[in-house]
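In the numbering used here, the protein residues as written are 1 to 327.
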């Protein structure tokens, strides 16, 4: 909402002030390389118009290095090497030794593959094991608009930003006896994501230690079918009674002292921020979105006393509390 413009203006003023004159810097560039395995479905060259789902696979720390064949040790690359066919474009990059996954580099790789191959942008999936499980979580947290679904295996993530994955279906796997990455690592993440996201599954293998990936990737095709059942999230507007909208009317105070006035002209909930008027589109009883093509929504909190606040979820998570009407 308007708070973003305020921060942008402040940053612009700061950068154009005299404070920046004495510290001028030149822009230089370092080019890094990421080698990866690429698999194209058998029918890719037959139907030259079809766009294909894309699966990004992130290996564990044991496969890091400069020998790309090490990436074939587990997961989809292993199955492809053994002759299995997939209805995906499968991209399996290799991480440098000791560096972990460079999330921005992975994002750039995805953009390159989408540019050069017929990947369906509505069906991009990510999965990974151990270090790759952590990478899967991290990639989805930083670029949530990129993925239709994710499947981290024996990993973990930043629970403080779990709300960013509210629109991405998640199926997570972990061994209960894992003595390398404890079960709690994924469990904490799942609990945090579930507060915002109803489409979350958590499979715990009671007799598995760290290697929970062989069972996940190799025992059946259920994971792959589940991934393919999802397309990238988009908001869908639904009808709602005017009486339901009326209860959201009123003034709300934000964390930076800014106020939002919610009104219902012409049977649509509308946010008035200063001199700006922002129409809101109904996606659920207490869920509203601003744009269909971007993960940016408002979620009202309702208790026995009625509507008390709303969360504005965009690039940031902001809580606005209902206050008495201002003159």
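All residues carry an ideal CB built from backbone N, CA and C; glycine is no exception.
Computed from a predicted model, the values in this text were never measured in an experiment.
With 16 other Cβ atoms within 10 Å as the buried cut-off, status of residue i
i, result
"residue 73", "exposed"
"residue 167", "buried"
"residue 121", "exposed"
"residue 315", "exposed"
"residue 48", "exposed"
"residue 123", "buried"
"residue 329", "Residue 329 is absent from the structure shown; the chain starts at 1 and stops at 327."
"residue 212", "buried"
"residue 236", "exposed"
"residue 324", "exposed"
"residue 303", "exposed"
"residue 175", "buried"
"residue 50", "exposed"
"residue 35", "exposed"
"residue 25", "exposed"
"residue 95", "buried"
"residue 178", "buried"
"residue 384", "Only positions 1 to 327 of the chain appear in the structure, and residue 384 is not among them; the question remains open."
"residue 225", "exposed"
"residue 43", "exposed"
"residue 310", "buried"
"residue 75", "buried"
"residue 275", "exposed"
"residue 322", "buried"
"residue 208", "buried"
Per DSSP, cross-strand counterpart(s) of residue i
i, result
"residue 205", "175"
"residue 262", "250 and 271"
"residue 317", "313"
"residue 297", "289 and 313"
"residue 79", "Residue 79 is not bridged to any residue."
"residue 134", "Looking at the DSSP assignment, residue 134 forms no beta bridge with any residue, so it has no partner."
"residue 323", "251"
"residue 303", "306"
"residue 200", "170"
"residue 282", "288"
Same chain, Cβ closer than 8 Å to residue i, neighbours up to 5 away in sequence not counted
i, result
"residue 242", "264 and 267"
"residue 119", "51, 52, 53, 54, 89 and 113"
"residue 277", "270 and 271"
"residue 85", "41 and 42"
"residue 284", "238"
Nonlocal neighbours in the same chain, by C-beta distance under 6 Å from residue i, ignoring five residues either side
i, result
"residue 247", "307"
"residue 37", "71, 77 and 92"
"residue 162", "192 and 193"
"residue 201", "171"
"residue 332", "Examination of residue 332 is not possible in this model, given that the chain is present from 1 through 327 alone."
"residue 65", "97"
"residue 361", "Outside the displayed span of the chain (1 to 327) sits residue 361, for which this structure offers no information."
"residue 227", "125 and 149"
"residue 135", "58, 101 and 128"
"residue 60", "129, 130, 131 and 132"
"residue 317", "163"
"residue 143", "107"
Cβ neighbours of residue i in the same chain (closer than 7 Å, five flanking residues each side left out)
i, result
"residue 140", "126, 147, 150, 165 and 168"
"residue 82", "none"
"residue 216", "153, 173 and 223"
"residue 292", "234 and 235"
"residue 33", "none"
"residue 159", "188, 189 and 192"
"residue 279", "268 and 270"
"residue 137", "152, 155, 156, 157 and 189"
"residue 104", "none"
"residue 300", "248, 286, 307 and 310"
"residue 206", "176"
"residue 231", "122, 123 and 148"
"residue 288", "269, 280, 281, 282, 297 and 298"
Run of the beta strand (DSSP E) containing residue i, from where it starts to where it stops
i, result
"residue 89", "89-93"
"residue 277", "276-279"
"residue 106", "Here residue 106 belongs to no beta strand (DSSP E); instead the alpha helix (DSSP H) covers 103-116."
"residue 56", "52-58"
Where the alpha helix (DSSP H) through residue i begins and ends
i, result
"residue 151", "Where residue 151 is concerned, there is no enclosing alpha helix (DSSP H), although the beta strand (DSSP E) it sits in stretches over 149-153."
"residue 124", "Where residue 124 is concerned, there is no enclosing alpha helix (DSSP H), although the beta strand (DSSP E) it sits in stretches over 119-129."
"residue 217", "213-218"
"residue 39", "From DSSP, residue 39 is part of no alpha helix (DSSP H) but of the beta strand (DSSP E) over 36-39."
"residue 223", "222-228"
"residue 96", "Premise fails: residue 96 is in no alpha helix (DSSP H) and is neither H nor E."
"residue 74", "First-last for residue 74: undefined, no H or E at that position."
"residue 191", "183-194"
Cutoff 9 Å: residue i Cβ touching any chain B Cβ
i, result
"residue 193", "Here chain B cannot be found, since the structure has a single protein chain."
Cβ pair count under 8 Å reaching 3, the stretch 190-199 against the stretch 121-131: No: the two stretches stay apart, fewer than three of their Cβ pairs being nearer than 8 Å.
Report yes or no: do the stretch 172-184 and the stretch 248-263 share at least 3 C-beta pairs separated by less than 8 Å? Contact between the stretch 172-184 and the stretch 248-263 is absent, because fewer than three Cβ pairs lie under 8 Å.
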